[in-house]
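This report refers to the structure that appears directly beneath it.
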Amino acid sequence: MQDNAFLGFMPKRVVVGYIDNAAINGQLSLNPFYLTIATLTFLSIYVDVQYLPTKPLELNYETNCYIRDYHQMFSGFNRDSGNYLTREEFVQGHTLYVFDLNPDLCDVPHLNLQH
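Count the sequence shown with the numbering used here and you get residues 35 to 149, in order.
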């Protein structure tokens with residue numbers, strides 16, 4: 035990403051998913067809702083001079099080391115369960131990276147000053 039990706043108020047949450055370019059452009063043999071696994075090695079967001087998560091996600095799906103990425107999706111949505119997505123499905127077309135940008139990392143109805 036680039037610096038200053040958001041102009042004005044910062045969102046409470048960022049959800050990142052990767053879709054094949056040909057699928058977005060309408061190739062009929064591809065599913066535009068199939069989220070591909072990123073070809074990145076590290077993933078993190080830089081907000082107000084700190085990284086979220088504090089230790090970047092190390093994306094390594096060839097060795098089945100993705101439990102931290104899977105857990106990040108739940109903590110980003112501030113849920114322990116409830117999306118009915120298994121670890122196996124997570125890497126088979128449902129890969130989303132979710133980052134909670136609230137200052138207290140808590141998505142509850144109380145006052146948080148907007149950035």
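Quick reminder that beta carbons are idealized off the backbone N, C-alpha and C, glycines included.
- Note that the region 51-58 touches the region 66-74; at least 3 beta-carbon pairs, one per stretch, sit closer than 8 Å.
- Ranked by how close their Cα comes to the Cα of Thr-73, the residues Leu-86, Tyr-80, Leu-93, Gly-60 have Leu-93 in first place.
- Relative to Met-107, the option among Leu-130, Leu-64, Asn-136 whose CA is nearest is Leu-130.
- In this structure, Arg-47 and Val-132 form a Cβ contact; the two beta carbons are roughly 7 Å apart against a cut-off of 8 Å.
- Put simply, of Leu-86, Asn-112, Pro-137, Asn-98 the residue whose alpha carbon is nearest the alpha carbon of Glu-123 is Asn-98.
- For Tyr-100, the closest of Arg-113, Phe-111, Thr-75, Tyr-118 by C-alpha to C-alpha distance is Thr-75.
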